[in-house]
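Under the working numbering, the very last position in the sequence shown is 181; numbers go up by exactly one each time.
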Amino acid sequence: MRLAYNEMERVFYKATFLFFEYRSVDFLRYGGRYIKSIAQKTNLPVRDDLKHFICKRCGAILIPGVNSSYRIHSKSGNSYLKVKCLNCGYSKKIIFKPRDVVKSKMVRADINIGKNGINERIIKEIDTRLKVKKVVKIRINKNFIESSGEEREEIAKKVSSLLNAELVEIRGNTFILKRNL
Ligand SMILES: [Zn+2]
């Protein structure tokens with residue numbers, strides 16, 4: 001499963017790279033379609049962070065300002081992003097909700113706390129991610145849990161308080177932190 005996800009991600013970035021290199025939207029079209037075909041073959045959904053940038057109708061990878069327009073709209077307190085594909089004209093709404101948390105569950109961990117445990121470097125790294133993404137998924141190394149003599153919950157709470165972030169969920173050896181604006 002992870003292999004297929006990696007492959008979709010690889011194709012996505014490769015196609016985007018080739019587009020910027022050769023300025024041909026063909027790469028975006030083929031790349032997007034290829035990602036969809038991997039998803040169909042493996043019966044896996046295209047991950048949200050990639051799907052948002054792929055046109056639902058024509059399958060092209062969407063690059064803002066190149067073959068798509070992105071506008072943020074606000075309606076009764078909810079914000080959504082309207083993405084329009086300039087290739088086929090199809091537009092879709094991406095709604096922002098605390099749903100980002102759900103999304104991050106599907107995604108592999110952003111950061112691993114390795115056997116060296118919690119140190120300044122790792123805290124800084126998580127802090128940077130929180131600044132950018134607001135929600136970060138962290139995996140704790142099994143050996144570190146064993147050697148620390150602490151429960152996963154304690155470790156997760158410690159990290160969340162060090163970073164002034166909300167501990168949203170603990171599942172297995174991973175936990176999710178969220179920083180409110
Ligand atoms: Zn399209």
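Ideal Cβ placement from N, Cα and C applies to all residues, glycine included.
Cutting at 7 Å between CB atoms, please list the residues of its own chain near residue i, excluding the five before and the five after it.
i: residue 12; result: 31, 35, 50 and 61
i: residue 178; result: 101, 134, 135, 165, 166 and 168
i: residue 104; result: Caution is warranted here: a pLDDT of 48 is assigned to residue 104, below 50, making its placement in the model unreliable, and no coordinate value can be reported.
Between residue i and the rest of its own chain, which residues show a CB-CB distance below 8 Å, the 5 nearest in sequence each way excluded?
i: residue 6; result: none
i: residue 63; result: 16, 19, 28 and 53
i: residue 111; result: 122, 125, 126, 129, 136, 137, 138 and 139
i: residue 46; result: 8, 35, 36, 39 and 54
i: residue 163; result: 123, 126, 127, 130, 177 and 179
i: residue 10; result: none
i: residue 25; result: 19, 60, 66, 67 and 87
Would you please state the rounded distance, in angstroms, between the beta carbons of residue i and residue j? I believe it to be under 8 Å.
i: residue 109; j: residue 138; result: 6 Å
i: residue 58; j: residue 22; result: So it is not a contact: roughly 20 Å between Cβ atoms.
i: residue 173; j: residue 152; result: 6 Å
i: residue 84; j: residue 56; result: With a Cβ gap of about 12 Å, residue 84 and residue 56 do not count as contacting.
i: residue 226; j: residue 86; result: Because the chain in this structure spans residues 1 to 181, residue 226 falls outside the shown range and cannot be described.
Residue i bridges to which residues according to DSSP?
i: residue 80; result: 73 and 95
i: residue 11; result: Answer is none; residue 11 lacks a bridge partner.
i: residue 164; result: DSSP output for residue 164 lists no bridge partner at all.
i: residue 177; result: 136 and 167
i: residue 6; result: In the DSSP output, where bridge partners are listed per residue, residue 6 has none listed.
i: residue 112; result: 139
i: residue 55; result: Answer is none; residue 55 lacks a bridge partner.
i: residue 85; result: 68
i: residue 61; result: 54
Please work out which residues of its chain come closer than 6 Å, Cβ to Cβ, to residue i, disregarding the five sequence neighbours upstream and downstream, and give them in chain order.
i: residue 175; result: 138 and 156
i: residue 44; result: 4
i: residue 71; result: 82
i: residue 88; result: 57 and 58
i: residue 69; result: 84
i: residue 1; result: none
i: residue 160; result: 167 and 177
i: residue 33; result: 59
Could you check whether the Cβ of residue i sits closer than 7 Å to any heavy atom belonging to ligand 2?
i: residue 60; result: Ligand 2 is absent from the structure shown, which contains only ligand 1.
Specify whether the region 120 to 134 and the region 144 to 153 touch according to this definition: at least 3 beta carbon pairs, one from each stretch, less than 8 Å apart.
no
Strictly closer than 5 Å from CB to any heavy atom of ligand 1: give me those residues in the order they appear in the chain.
55, 57, 58, 85, 87, 88 and 90
Any contact between the region 33 to 51 and the region 69 to 80? By contact I mean 3 or more CB pairs, one from each, below 8 Å.
no
Inspect the CB distances between the region 133 to 143 and the region 110 to 117 and report whether three or more fall short of 8 Å.
yes
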